[in-house]
Every structure is written in C-alpha cells, then in structure tokens.
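Just so we're aligned, residue 1 is where the sequence shown starts under UniProt numbering, counting upward by one.
Where a beta carbon is used, it is the ideal one built from N, C-alpha and C, also for glycine.
This report concerns only the one structure given below.
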Amino acid sequence: MPPRTLALDFGRCSTYVCKSCLDSLRSVNARPWLARQSSSAARRAQPPSTSTRKVQAVPDPAALQKVLLEELQHADPSSRSSEQLNVNYFDQEPSGRLRRLRDNDEFGEVSGGLDAEVEAAINSLERQMVSTVKMLQRMEKQGEQDKADELRKQFKKTLRLQYKGKTGPEAEEYGLLRISGFSGNQQRTVANLNTFLARDSVVKGGTPTAKDLAECWKYYSAARKALSTAWQNVPQEVWNFLWMVLSWQGDGIENPNRMQHIYILAKDMQAAGVALRDSQQLLAIEAMFIEGWEEEAIAAWKRAVVTLGSKRETFTDYWELGVRMCCLHGDTERAQRAAETLLKSSHPPNARILIPIIRALAGKEATIEQAWEAYRDMRTLLGESMTIEDYDEVIAVFLTSDNVEYALQAFVDMMLSDTVDVRGKTRLPMRVGNYFFIGKWLKRLIGVGDLEGAYKVVAYVQSKGVAASPIQLNGLIGAWMRSGSAQNLEKAEALAWDMIRARLDYVKMRQRHELVSFHDPYHHSSVVEEGEEEPKFICRTRATAETFSLLAENYCSRRLHGRLQELFEVLDDAEIGTTSFLMNQLIRSYSQNGDAEKAVSLYQTMTKEQNVPPDGHTFLTLFNSLSVNRLIQRDPDLARRDIASGRQFFRDMVETTWTFDSPTIFAQLPRTILFSMLKAKDYSGMIVAARAMREIFAFHPPEALLIELATGAGSLQARTRRNMERLVSGRRTIETLMKKHRVELIRRGHPGVEMTEEDKINELHDVLEKLVLLKAGAQNAGPDEVQPMVEEAAQEMGVYDIVVRKDADQIAKRSKLGK
C-alpha cells in the first residue's frame, strides 16, 4: 500500500464559507495591495485577454505619493514642504520573511504578478499593434480607405484566431493556456509546460493522440514541484485542459497509466483549492481505489451519496461505481444493496451491473448459489437483449472459480431454447452429453483463449461419462503450444503423453484380447500402485497421428532431438503409421543436430522400405540439409558432394507423385533449390532446374528473386550499409541483363516497347540464365557450348524428357500443380 496521506474529500460540494472562516484562512502569501510603481513597462497598455483571472486596476504610484504627502501636510501644517516622501516597499516571501524591494521596477513586477517573459510578449504585441494602427492611418490619409478597412478586418480575424485557444473533443473551448508568476529555477519547468500547452499540434482536431498523453504527463510531472509552491497561479482553464488530456480514453488510443495520473492530478487540484466537477469526482474516487486506497475511496463514495448519488446526471455512474468497488473490496452485501438501488430506480437500469456481483459471490463456495441466482436475475432482466458476450462472461466467471457445473448450465442456456437442467446429474442428458455439443463449447473456449477453462471442461465432462474426442484435445494441445508460455508448453506435453499412454494401454489390451468393454473406445485401465494417490484426472482419450505430429513439430522447433527420437520409438508400439509430416520433422531434427547423412538415410528408408510418401515439405527439408545451407564456413569437398545430392533430390522430387498444398511451400521450394545450386556452384544444374520448374511448377522467377540471386545472398532483410550496397549492385546487374535481352529482341524484329505477358515471362527466364552464365564466368558462351552441359545435367536430374525433348505427356504426368 502506498504511504498514508490525507484522503481526498470529494463529498463537499457547497461553495459557501462564512466571513470569519475566510478571515482565518487568508493566505500568508497574498500580494501587497499597494499600487504598482509607475515604470516604462507599467505605462504600456495591456492587450485584451481571454483568461478567466481578473486583474484589478491600480492607480499611478506617483499620484499615490502625492496624495500621501498632502495628507501628512494636512495633519501637521508645520510639516508642509516641497520634498517628496521616500517610500520603501517590501514583499512577503512564502517563508513569511519580509524582503525589501530594490526599486520601483521590481515593485511593479511583484505587484503585477507578471514575469519577464510575459511582459516581453506583451511589449512585442503592443509594438506590433501600434505599428499596424499607424500603417492603417497612413493608408486612410492617402485615400485608400477601402483597402484599410479590408486590412483592419483581416487583422481582427487574425487576433481572434490567435487567441481563440484550444478546442476539446466535445467542442469546448479552453482559451489561452498559460501559467505565469514563477521565476528563477522554477520558471524553466513551467516554461516547458507552457510551451507544450501552446503547441498547435496538441489536441489537434479536438482529440488527443497517444503522443499528447505521454508528453502532457511528462511536462506536467516535471513542473509539479514548482507549481506546488504557488498552486494559485495555475488558471482554471489549465486544470480543465490537463484533466481532459490525462483522463482521455477511447478511439483506440492506449492510456495505461490513466488512473495513476488522474489520482495525482486530483490531489493537486484539491491542494490548489480547485473544485472538481461531478464527473471528475467520480473518476477521482475510482482512481483512488485503483491506486490502493480502497477504504478511503469507499468512504469518499459514501460521503457523496447525498450529492452525486441523487443527481440525475451522475446517479447511474455513481451507483455502478459503488457496486464495482464494493465487489472488489469484498463487501458483497453493500454491493447488492447498491445494485438494488440502481435497478429499482426510475433511471434506465443496466442489469449487466450484476456481473461484478456474480464474480464476487462465485469466488466463495458458501455463496455460489447466490451467484447463480444473481445470474438468473440478470438473464430475466435482460431478456432478449442478453448477448453471447454476456453468456461468455458469466461462463468465464464460473470456470475461473472452478464451478464447471454452473458454467455448463449457463452454456446450455445459451445454446438451447428450452430448459435443460444439468446440475446435480450423475450422467449428462443425451442432448448435452455428446461429442458434438461438448466440442462446440471447447471450440469456443479455445477460440477466446480460455485454455485453462477448456481443460477444466475436459476433466468435468469425462467424470460425467463423456470423454472428449482426440480432435478436441489436439486442438487444446496446439493452442497451448502456440501460446509460447513455458507453463502452457508443459501442460500441452503432459496432456499429449497422457493421450499416448491411453493409446498404448488400448493397444496392449487389444493384443491380449482382454478388452473389458470393447464397445467403449475410450476405456482406460491405468493401475494405481499401492501407496500412490490416484490422480485427479486420467485422460481416457487415445492419441492419434495428429497428437504425435504436434509433439514432433514442437520437439523439432525446440531442438529436442532426444525427445523426438523417444517419440518415434513409441510410434511403433502405438501402432500408428509414420506420416509424411512426422518423417519431415525427424529429417529436419537430424539435419539441425548436425547429422545430415542420418537424415538422408532416414529419408531413403522411410520412402523406399516403409512406403511413406514424400511431399513438397520433404524435399524442402532435404535441400535445407545440404552443407551449403547448414554451414557458415563453406567446405569445398562437401560442396562437391552437395552437387550430386542436390541433383538426386531433384530427380526424386520430379518422379514422386505429390502436389503443392499451400502458397508458402510453392514460394519457398523453388527459391531454396536455386539458391542451393548457386551456393554449390552447380550452374548447369541451376539452368536445368529453372527450365524444369517452369514446366512442372509453372514457376517464373520474380524480379526480386533475380536481384537476390545476383547479390549471392539468400536474405538481405537487415538494412545494413553493406547489404544496401549489395542490393544496389544486384539491381544494376539485373537492369543491365534486361537491357541486353531487349536489344536482342529488337535485333530479331521485336519492337521492344510493348511486351505481352508471355514476353515478360520469357524475359525473366532469359535474364536468369544469363545471370547463371555470368556467375559461372561464361557470359560469352554460345548456345552450342551450353547445350551439352544442360543435357548432361538434365539426364542426371531425371528431366531429360521435360527439358530437352519437351515431351507433353511427361510434363503433364510430372506436374505438381493441384487441381
């Protein structure tokens, strides 16, 4: 709890104070009433101001001296003399000490309350106005009356715009926002705050931005210490403006420290003697409660019952605030009385105010029935206007408090039009106790992110004889893993292995032909050893291939190669066949673990001996396992072996029957193949791969890929100076090759300007092959020199019929494009 200070008293609204109290409360820091000494600054006329602070006119000090001298001479005739009376002026400082003023100018500054900066601004404005008036007078004397009148109107309009002030979100005007009366070290922070308040960009259009919120608190908090020495110097309009900005919420603008700032601002306004408006009092009480002063806030709320609790404008907000605060404070009886006052009033009731009461009552086992009755009352009051979001909030309340039965009943009320009672039932009714109904609930809970609630539902419905389906539990496991939380990862792994153990138990019983209840597919016969406590929840849902896939992907991503091997050892015992996805994860894990040979051997074994069909992800994983993609420091011997391995992978990829299953793999696979061959310096294989993928993938290299290939780097996302230079160089290379291609087209009779889509595609492929020859140092080689190497590589890569012979039947047979 924060250090104890005087609690804010927001209950006093009367402005009447008796005369005796006013006399006793007079500030010791009041300015001297004596008139301001005549000076050059004081003689200047002050411009009209929109400030709400009134400045009392004072007589000329010279005239005052003359009057005082005459009075003294009248009192004592013998003392009549032509000598001037020498008057000394003093100023009372905040500490109470009297300080003699140096001269008349200092006296004028103290008595007027204007600092040097304000006086300089006034003097500058006066000079501008005098200059403008003289100019208009000269124009009138010269016979330019019409032009002078037009300029005079424009000058008045400019003055109105300049001193109109800022406009708030509700079109309220704040006038001039400026704090004066501070000097010395205090003036710097106050001047910074004044500069912020004077910006045209602040609250532009009537709505503050996130930057306005942050900077407003930055400058105000820095100036608080200086302002606290003389709160009376802060105008009312400045307080109103600060409150409007710091209390802002809405329009998608985050204000995370809103309540803390309001709490501090309200205390400052109270110290300054500024009366808070009704809406400000309510917000200040709420801020006090949130900042940890719960008892003081509730006491202030109670004191305001006669004022805020009885006004029509604040009636609803006042009682709703009381309900929320009392519920959080644990005073549910007072919260219920406040809600009853609100709902039985003539004001339009909002039955959703019962939700905090339901939450507070559901948190205690002794009052759970009262919570349920409060929910029923809310449902009755809302009627047809009760939304799905209302049901979701009530269900979440009961799930959080471990009252799953009440949560299920609320979900049944939401889903079914007629009444179906599930409370107190040993077995759930058929309309509720089935996979489809429970699955809808689990899907909704997982969708809104209530994963802990979903797990409680799984345990509860299983105790009622309904085991969740594997699809539903796999969805929960996947959601836990995607959350990224270490605790959720642990829960996901534990539930997945529970499902695997249920699968292993089922397989063992089936092998022994000792099924206790063969018609129950989710029967589980875990044996609890003597002396051990039976766990609260024993999963009876058996694992599927998807369960293994989720674990395999998670282990592979976390580089837990040992756990992944353990998972595959269990896979055979569970009598679940290896899928392409599981094979890909194991291959990737071996490659990440530095055992690329084992990864390739595993691929050969699974595809040829176990007949596991590979897919596009399989070959993407195989190409990534090449040394040129794994090692930072290139090994020439390994790179030469990568040429043979890469060509073999490409041959298998073409000959195997599979199709692209997502746009992601369609973009990644061709790119990885080209970069792998480029890094291994298999230039002829690269040309063959590009031609083959054009036929069977319908792949056309985009210009961005050509630029990356020209730079020789697979990823240049980091905006370093070196990378930017390489990108610029690569772009120049591609532009040069494109110009060369256009020149060749023009020589063959093509106009070279208007190009069809087919011409553009041919251009991209031609530029790619020219780039490969440039990388190989054979940019001047002719087709006769390149063709033998292309045919040899095509033969090794299994695409001779596709690339060289252009066999339409083979192209259609080997196409990897889906329907």
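Worksheet item: Which partner residues of residue 100 appear in the DSSP bridge assignment?
Response: Along the sequence shown, read from residue 1 onward, the residue named residue 100 stands at position 100. The partner list for residue 100 (beta bridge, DSSP) reads 90.
Fill in: residue 725 to residue 639 span [Cα, whole Å]
Working through the sequence shown from its first residue, we reach residue 725 at position 725. Working through the sequence shown from its first residue, we reach residue 639 at position 639. So the two alpha carbons sit approximately 27 Å from each other.
Discussion item. Please list the terminal residues of the continuous alpha helix (DSSP H) segment that includes residue 185.
Written reply: Position 185 of the sequence shown, counted from the first residue, corresponds to residue 185. Start and end: 185-198.
Item to complete: Drop a sphere of 10 angstroms on the beta-carbon of residue 340, count the other beta-carbons inside from all chains shown, and report buried for 16 or more, exposed for fewer.
Response: For the purposes of this step, residue 340 is identified with residue 340 of the sequence shown, where counting begins at 1. Counting every other CB atom within 10 Å of its CB across the protein chains shown gives residue 340 a total below 16, marking it as exposed.
Discussion item. Considering just the uninterrupted stretch of the alpha helix (DSSP H) at residue 286, what are its terminal residues?
Written reply: The count along the sequence shown starts at 1 and reaches residue 286 at position 286. Annotation for residue 286: the continuous alpha helix (DSSP H) segment containing it runs 278-290.
Fill in: Complete runs of the beta strand (DSSP E) confined to the region 760-792 [at least 3 residues]
Runs of the beta strand (DSSP E) inside the region 760-792: none found.
Fill in: Collapsed DSSP secondary structure at residue 576 in the structure displayed
Reading the sequence shown from its first residue, position 576 is the one you call residue 576. The three-state reading of DSSP puts residue 576 in coil, since its state is none of H, G, I, E or B.
Item to complete: Give the range of the alpha helix (DSSP H) segment to which residue 416 is assigned.
Response: Numbered from its first residue, the sequence shown carries residue 416 at position 416. Boundaries cannot be given for residue 416, as no alpha helix (DSSP H) includes it and DSSP labels it neither H nor E.
Item to complete: Please name the residue in 283, 720, 393 and 633 whose C-alpha comes closest to that of residue 679.
Response: The sequence position of residue 679 within the sequence shown is 679, counting from 1. Answer by Cα proximity: 633.
Item to complete: Quick one: measure Cβ to Cβ for residue 397 and residue 358, integer angstroms, because I've assumed they're closer than 8 Å.
Response: Locating residue 397 in the sequence shown gives position 397, counting from the first residue. Locating residue 358 in the sequence shown gives position 358, counting from the first residue. 6 Å between Cβ atoms; contact.
Item to complete: Between the Cα of residue 880 and those of 287, 312, 558 and 321, spot the shortest distance and give me the residue it belongs to.
Response: Because the chain in this structure spans residues 1 to 819, residue 880 falls outside the shown range and cannot be described.
Discussion item. Please state the DSSP three-state secondary structure of residue 172.
Written reply: On the sequence shown, residue 172 is found 172 positions in, with the first residue counted as 1. Three-state DSSP puts residue 172 in coil, outside helix and strand.
Worksheet entry | Reference residue 464; option with closest CA among 454, 486 and 426 | Locating residue 464 in the sequence shown gives position 464, counting from the first residue. Residue 464 has its Cα closest to that of 426, out of 454, 486 and 426.
Fill in: DSSP-derived helix/strand/coil call for residue 167
Counting from one through the sequence shown, the residue named residue 167 turns up at place 167. Residue 167 sits in a strand when the DSSP states are folded into three classes.
Worksheet entry | Backbone CA spacing between residue 601 and residue 445 [nearest angstrom] | For the purposes of this step, residue 601 is identified with residue 601 of the sequence shown, where counting begins at 1. For the purposes of this step, residue 445 is identified with residue 445 of the sequence shown, where counting begins at 1. Distance between the alpha carbons of residue 601 and residue 445 is about 43 Å.
Worksheet entry | Proximity of residue 489 and residue 481 at Cβ, strictly below 9 Å | Position 489 of the sequence shown, counted from the start, is the residue given in the question as residue 489. Position 481 of the sequence shown, counted from the start, is the residue given in the question as residue 481. In this structure, residue 489 places its C-beta atom within 9 Å of the C-beta atom of residue 481.
Item to complete: Might you give, ordered along the chain, the residues of its own chain that have their beta carbon closer than 8 Å to the beta carbon of residue 783, omitting 5 neighbours on each side?
Response: Here residue 783 refers to the residue found at position 783 when the sequence shown is read from its first residue. Once the five neighbours on either side are set aside, residue 783 has no close Cβ partner at all.
Worksheet item: Rounded to a whole number of angstroms, what is the C-alpha to C-alpha distance between residue 707 and residue 720?
Response: Locating residue 707 in the sequence shown gives position 707, counting from the first residue. Locating residue 720 in the sequence shown gives position 720, counting from the first residue. One C-alpha to the other measures close to 17 Å.
Worksheet entry | Contact set for residue 766: own chain, Cβ-Cβ below 6 Å, skip 5 residues either direction | Sequence index remark: in the sequence shown, residue 766 carries index 766 (1-based). Closer than 6 Å at the Cβ level, and outside the excluded window around residue 766, lie 741.
Fill in: Under 9 Å between C-beta atoms of residue 282 and residue 261
Counting from one through the sequence shown, the residue named residue 282 turns up at place 282. Counting from one through the sequence shown, the residue named residue 261 turns up at place 261. In terms of Cβ geometry, residue 282 and residue 261 do not form a close pair [threshold 9 Å].
Discussion item. Any contact between the region 177-187 and the region 144-152? By contact I mean 3 or more CB pairs, one from each, below 8 Å.
Written reply: The way I'd put it, the region 177-187 doesn't touch the region 144-152; fewer than three beta-carbon pairs between them come closer than 8 Å.
Item to complete: Report all residues from its chain with a CB closer than 6 Å to the CB of residue 772; omit the five preceding and five following residues, and keep chain order.
Response: Residue 772 sits at position 772 when you count from the first residue of the sequence shown. Only 683, 686 and 687 meet the Cβ criterion.
Item to complete: Name the two residues that bound the continuous alpha helix (DSSP H) containing residue 207.
Response: Here residue 207 refers to the residue found at position 207 of the sequence shown. From DSSP, residue 207 is part of no alpha helix (DSSP H); its letter is neither H nor E.
Discussion item. Rounded to the nearest angstrom, what separates residue 415 and residue 371 at their Cα positions?
Written reply: As a first step, residue 415 must be located in the sequence shown, where it is residue number 415. As a first step, residue 371 must be located in the sequence shown, where it is residue number 371. Roughly 21 Å separates the two Cα atoms.
Item to complete: Under 8 Å by Cβ, that's how I've got residue 472 and residue 439 pegged, so tell me the actual separation to the nearest angstrom.
Response: In the sequence shown, counting from the first residue as 1, residue 472 sits at position 472. In the sequence shown, counting from the first residue as 1, residue 439 sits at position 439. Contact flag correct, Cβ pair sits at about 5 Å.
Discussion item. Whole angstroms are fine: how far does the CA of residue 166 sit from the CA of residue 711?
Written reply: The count along the sequence shown starts at 1 and reaches residue 711 at position 711. The count along the sequence shown starts at 1 and reaches residue 166 at position 166. Between residue 711 and residue 166, the C-alpha separation is close to 55 Å.
Worksheet item: Leaving out five residues before and five after residue 290 in sequence, what residues of the same chain have Cβ atoms less than 7 Å from its Cβ?
Response: Taking the first residue of the sequence shown as 1, we reach residue 290 at position 290. Cβ contact annotation for residue 290 (same chain, cutoff 7 Å, sequence separation greater than five): 259, in chain order.
Practice prompt. Please classify residue 419: is it buried, with 16 or more other beta-carbons within 10 angstroms of its beta-carbon, or exposed?
Written response: As a working note, residue 419 is residue 419 in the sequence shown. Exposed, because fewer than 16 other Cβ atoms sit within 10 Å of the Cβ of residue 419.
Worksheet entry | Unbroken alpha helix (DSSP H) run spanning residue 253, endpoints | Numbered from its first residue, the sequence shown carries residue 253 at position 253. Unbroken run through residue 253: none, as it is neither H nor E.
Worksheet entry | Integer Cβ distance of residue 604 from residue 552, believed to fall under 8 Å | Residue numbering aside, residue 604 sits at position 604 when the sequence shown is read from its first letter. Residue numbering aside, residue 552 sits at position 552 when the sequence shown is read from its first letter. Rounded, the Cβ-Cβ distance is 19 Å, inconsistent with contact.
Worksheet item: Per the contact definition of three or more C-beta pairs closer than 8 Å, is the region 540-547 in contact with the region 561-579?
Response: Proximity of the region 561-579 to the region 540-547 meets the contact definition, three or more beta-carbon pairs being nearer than 8 Å.
Worksheet item: With a Cβ-Cβ cutoff of 9 Å, do residue 492 and residue 478 count as a contact?
Response: Counting from 1 along the sequence shown, the entry for residue 492 is found at position 492. Counting from 1 along the sequence shown, the entry for residue 478 is found at position 478. Yes, these two residues count as a Cβ contact at 9 Å.
Worksheet item: Quick one: Cα of residue 348 to Cα of residue 360, how far?
Response: Position 348 of the sequence shown, counted from the start, is the residue given in the question as residue 348. Position 360 of the sequence shown, counted from the start, is the residue given in the question as residue 360. One C-alpha to the other measures close to 24 Å.
Worksheet item: For the region 386-450, which segments carrying the alpha helix (DSSP H) assignment without a break, of at least 4 residues, lie completely within its bounds, in sequence order?
Response: For the region 386-450, whole alpha helix (DSSP H) runs of length 4 or above, ordered along the chain, are 388-400, 404-415 and 435-447.
Worksheet item: Short check: CB of residue 461 to CB of residue 484, under 9 Å?
Response: The count along the sequence shown starts at 1 and reaches residue 461 at position 461. The count along the sequence shown starts at 1 and reaches residue 484 at position 484. The Cβ atoms of residue 461 and residue 484 do not sit closer than 9 Å to each other.
Worksheet item: If you drop the 5 nearest sequence neighbours on each side, which residues of the same chain put their C-beta closer than 6 Å to that of residue 459?
Response: Translated into positions along the sequence shown, residue 459 becomes position 459. Only residues of its own chain outside the window of five on either side were considered, and among them 537 have a CB closer than 6 Å to the CB of residue 459, listed in chain order.
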